[in-house]
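S.K.: Quick one: the structure is below, questions incoming.
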Ligand code: ADE
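Residue numbers (my numbering): 2 to 247.
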């Protein structure tokens, strides 16, 4: 069930905390923190590695290429966070996770606290996976570490929180109605590269709404036919879609 978004705290666990310096300076993150809407905490997993070498990785049992992230530092860091924030949802980033979507972003935005664990090297010791409530992939490609994936998820979740996005409703966007967004235009109305469609200058709100819906359908058909296969057409959409074929 979808109540009001209420995310309050994100803890990131990473072997590369500096990777988040830039993200924290984005207007999105900066605004969320300055307005007191949420707290973003980044912790170095090496602090949990123990010993003087503080090595986070080791070679895989059974052989094979690359190094594997050790389980203990991850389990200890997550356990420590859960002592103070027992309701935290713990997420591990891996290309072997469920693929991230706008629907998942909405679900995560409902949670008060998230722990985001960034994998590195060739993967994690499977025994670390026991502490994850969800494992998430941001798409079918391989990143060098989970840090960029965590930033993608944070961006998508934070912008849904009340008080972050000033003007436009996030409910009208691509994927919220299962279609790609219609094209947008601003001043000037005429450029050598093309004119703004007449209807958008007409002031006729109903005509504009229909034009935009039709352009959404056109784009989705051309660029993301996979979305249309799952789409449940309203009567109005079915009529506009038919017009595209003529
Ligand atoms: N780590 C490496 N590749 C990844 C991906 N595609 N999504 C999430 N975490 C990853």
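Even for Gly, the Cβ is constructed at its ideal location relative to N, Cα and C.
Quick one, are the C-beta atoms of residue 114 and residue 138 less than 8 Å apart?
M.R.: No; because the gap between Cβ atoms is not below 8 Å, this pair is not in contact.
S.K.: Relative to the ligand ADE, is the shortest distance from any of its heavy atoms to the C-beta of residue 150 smaller than 7 Å?
M.R.: Yes, the beta carbon of residue 150 sits closer than 7 Å to at least one heavy atom of the ligand ADE.
S.K.: Can you have a look at residue 112 and say buried or exposed, based on whether 16 or more other CB atoms are within 10 angstroms of its CB?
M.R.: Result: buried.
S.K.: Residue 193: buried (16+ other C-beta within 10 angstroms of its C-beta) or exposed?
M.R.: Exposed: under 16 other Cβ atoms inside 10 Å.
S.K.: Pop quiz: residue 118 and residue 143 are said to be a contact at Cβ under 8 Å. What is the actual Cβ separation, rounded to whole angstroms?
M.R.: With a Cβ gap of about 17 Å, residue 118 and residue 143 do not count as contacting.
S.K.: Considering only their Cβ atoms, is the gap separating residue 38 from residue 1 smaller than 8 Å?
M.R.: The structure shown has nothing for residue 1, since the chain only spans 2 to 247.
S.K.: I think residue 165 touches residue 33, with their Cβ atoms under 8 Å apart; what is that distance to the nearest whole Å?
M.R.: Residue 165 to residue 33, Cβ: 6 Å. Contact.
S.K.: I need the straight-line Cα distance from residue 233 to residue 225, nearest angstrom please.
M.R.: Rounded to whole angstroms, residue 233 to residue 225 spans 15 Å at the Cα level.
S.K.: How would you call residue 74, buried or exposed, if buried means at least 16 neighbouring beta carbons within 10 angstroms?
M.R.: Buried is the call here.
S.K.: Measuring CA to CA, which of 184, 201 and 213 is closest to residue 190?
M.R.: The candidate whose alpha carbon is nearest that of residue 190 is 201.
S.K.: With respect to 7 Å, is the separation between the Cβ of residue 15 and the closest non-hydrogen atom of the ligand ADE below this value?
M.R.: False, no ligand heavy atom lies under 7 Å from that Cβ.
S.K.: For the pair the segment 129-136 and the segment 62-69, tell me if three or more CB-CB distances fall below 8 Å.
M.R.: Judged by Cβ distances under 8 Å, the segment 129-136 makes no contact with the segment 62-69, as fewer than three pairs qualify.
S.K.: Are the CB atoms of residue 214 and residue 158 nearer to each other than 8 Å?
M.R.: In this structure, residue 158 does not lie closer than 8 Å to residue 214 by Cβ.
S.K.: Where does residue 187 land, buried or exposed, given buried means 16+ other C-beta within 10 angstroms?
M.R.: It counts as exposed.
S.K.: Does the ligand ADE have even one heavy atom less than 7 Å from the beta-carbon of residue 198?
M.R.: For the ligand ADE, not one heavy atom lies less than 7 Å from the Cβ of residue 198.
S.K.: Could you tell me if residue 237 is buried or exposed, where buried requires 16 or more neighbouring beta carbons within 10 angstroms of its beta carbon?
M.R.: By the 10 Å Cβ count, residue 237 comes out exposed.
S.K.: In chain order, what residues of the same chain lie with their CB nearer than 6 Å to the CB of residue 1, ignoring the 5 residues before and after it?
M.R.: Limits of the chain in this structure are 2 at one end and 247 at the other, which puts residue 1 out of reach.
S.K.: According to the neighbour-count rule (16 or more other Cβ atoms, all chains shown, within 10 Å of its Cβ), is residue 23 buried or exposed?
M.R.: It counts as exposed.
S.K.: Over the uninterrupted beta strand (DSSP E) stretch that includes residue 221, give me the two end residues.
M.R.: Element bounds for residue 221: not the beta strand (DSSP E) but the alpha helix (DSSP H), 206-224.
S.K.: Using three-state DSSP, classify residue 180 as helix, strand or coil.
M.R.: In the structure shown, residue 180 sits in coil (DSSP, three-state: anything other than H, G, I, E or B).
S.K.: If you measure from the CB of residue 138, is any heavy atom of the ligand MN nearer than 7 Å?
M.R.: In terms of ligand content, the structure shown lacks the ligand MN and carries the ligand ADE instead.
S.K.: Does the ligand ADE have even one heavy atom less than 7 Å from the beta-carbon of residue 290?
M.R.: In the structure displayed, the chain extends from 2 to 247; residue 290 sits before or after that span and is not available.
S.K.: Quick one, are the C-beta atoms of residue 148 and residue 20 less than 8 Å apart?
M.R.: Their beta carbons are under 8 Å apart, which means residue 148 touches residue 20 by this criterion.
S.K.: Could you check which residue in 126, 219 and 47 has the C-alpha nearest to that of residue 55?
M.R.: If we check each option's Cα against that of residue 55, 47 comes out closest.
S.K.: Along the alpha helix (DSSP H) that carries residue 156, what are the first and last residues, could you check?
M.R.: That run of the alpha helix (DSSP H) goes 148-159.
S.K.: Could you name the residues of the same chain whose beta carbon sits closer than 7 Å to that of residue 221, not counting the 5 residues immediately before and after it, in chain order?
M.R.: The residues are 180, 181, 228 and 229.
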